DNA sequence: GTAACTCGGATATTCAAGGTCCGATATAAT
DNA sequence: ATTATATCGGACCTTGAATATCCGAGTTAC
Ligand code: FES
Ligand code: FES
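Residue numbers (this note's numbering), protein chains in the order written: chain D, -9 to 145; chain C, -9 to 145.
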């Protein structure tokens, strides 16, 4: 139940990676994919999406890559999930305006109001969690091995 | 994001229906499907599942049907969702024991711990919501039209 | 110019959810 | 007893979204 998309996990892993790099330091999609063993193509699309939303920024061309743009403690999990998985509520009808015919059952559906209430409460819950919780803390005591991926953009 | 299964909605609608009937009054799967315009086969399976879990009970044969068994204010949304949608966490690895190899990325995954934390918090949130919230309150002021479906088991 | 990137779309594959069908069994009314 | 109406339980098909793959185009550093 309530399972997250794969891309969401990829995105979080990437954001954590970017947050651990020095400011002004860019990481390419290839680098991140290799370090964590993620499928490159999907990760690349995910990063593009994150860039469109303004959470990260990109530098094109050789030695290009991605860098954080917004501080992760200012991005809520609710915003991030909506970004990665689309604005779907617990039920399809939860996000639509009340007057629209949301689903074929709505006219007879007696729990519609409660579903909308649940959706609101769930969003409030997710809004109380910031992405920095996923990225700020260190899990492994030793820093990530970047090996030959390591580079500096401004140097 | 975090979209519920269709069967979950069907189940809630059915539970609400059952909760509105008099004690000792049974509703057949056919009746509920007709009243709300739900697909009969799927609703029937859903009701069977709810019966196995002990939330409702069944009476076989002609004039049989389903009745509530457990008070709905004693069933949490967390329990209900796990029942209807399986014990999946926000990520596949969240529900498994820590030592098991959950997914191919786990060894390199830096956010695994946070994911498990999120999963725990989400479950706590869902455990704080009881099914009675979905069924107890009246939405439409007028009672449901049962027409020729109306019947009494003990009469 | 060339290599290493991002960018963006088109397309294929995979998988679970959603839905359908059918046969077996149990009970109540006639 | 027979019939009608139920639950029960499995097999099966369909569909759509998630996932993955592929390719071409545009940018920039060297
Ligand atoms: S139609 Fe909105 S919850 Fe059922
Ligand atoms: S492997 Fe568990 S969250 Fe990534």
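We put the CB at the ideal spot given by N, CA and C, even for glycine. Bear in mind the structure is a predicted one, so any value in this text is a computation, not a measurement.
Rounding to the nearest angstrom, what Cα-Cα distance links residue i and residue j in this structure?
i, j, result
"residue 118 (chain D)", "residue 111 (chain D)", "11 Å"
"residue 91 (chain D)", "residue 105 (chain D)", "For residue 91 (chain D), the pLDDT reaches just 47, beneath the cut-off of 50, and the residue's location in the model is therefore unreliable, although a value from the coordinates is still provided. Distance between the alpha carbons of residue 91 (chain D) and residue 105 (chain D) is about 15 Å."
"residue 46 (chain D)", "residue -8 (chain D)", "26 Å"
"residue 57 (chain C)", "residue -2 (chain D)", "41 Å"
"residue 18 (chain D)", "residue 77 (chain C)", "36 Å"
"residue 125 (chain C)", "residue 103 (chain D)", "11 Å"
"residue 40 (chain C)", "residue 20 (chain D)", "48 Å"
"residue 63 (chain D)", "residue 5 (chain C)", "41 Å"
"residue 109 (chain C)", "residue 101 (chain C)", "12 Å"
"residue 123 (chain D)", "residue 1 (chain D)", "14 Å"
"residue 75 (chain D)", "residue -5 (chain D)", "7 Å"
"residue 65 (chain C)", "residue 38 (chain D)", "43 Å"
"residue 68 (chain C)", "residue 113 (chain C)", "6 Å"
"residue 48 (chain C)", "residue 99 (chain D)", "23 Å"
"residue 115 (chain C)", "residue 115 (chain D)", "8 Å"
"residue 8 (chain D)", "residue 84 (chain C)", "24 Å"
"residue 60 (chain C)", "residue 55 (chain D)", "57 Å"
Is the Cβ of residue i closer than 8 Å to any Cβ of chain C?
i, result
"residue 65 (chain D)", "no"
"residue 54 (chain D)", "no"
"residue 30 (chain D)", "no"
"residue 72 (chain D)", "yes"
"residue 112 (chain D)", "yes"
"residue 1 (chain D)", "no"
"residue 75 (chain D)", "yes"
Would the C-beta of residue i count as close to ligand 2, meaning under 7 Å from any of its heavy atoms?
i, result
"residue 123 (chain D)", "no"
"residue 105 (chain C)", "yes"
"residue -1 (chain D)", "yes"
Quick check: is the beta carbon of residue i nearer than 8 Å to any beta carbon in chain D?
i, result
"residue 41 (chain C)", "no"
"residue 57 (chain C)", "no"
"residue 124 (chain C)", "yes"
"residue 100 (chain C)", "yes"
"residue 46 (chain C)", "no"
With DSSP collapsed to three states, give me the class of residue i.
i, result
"residue 11 (chain C)", "coil"
"residue 100 (chain D)", "coil"
"residue 107 (chain C)", "helix"
"residue 1 (chain D)", "helix"
"residue 45 (chain D)", "coil"
Could you check if residue i belongs to the surroundings of ligand 1, using beta carbon to heavy atom distance under 7 Å?
i, result
"residue 99 (chain C)", "no"
"residue 102 (chain D)", "yes"
"residue 83 (chain C)", "no"
Using the rule of at least 16 other Cβ atoms within 10 Å of the residue's Cβ for burial, across every protein chain shown, is residue i buried or exposed?
i, result
"residue 168 (chain C)", "Nothing can be reported for residue 168 (chain C), as the shown portion of chain C is limited to -9 through 145."
"residue 120 (chain D)", "buried"
"residue 30 (chain D)", "exposed"
"residue 51 (chain D)", "exposed"
"residue 16 (chain D)", "buried"
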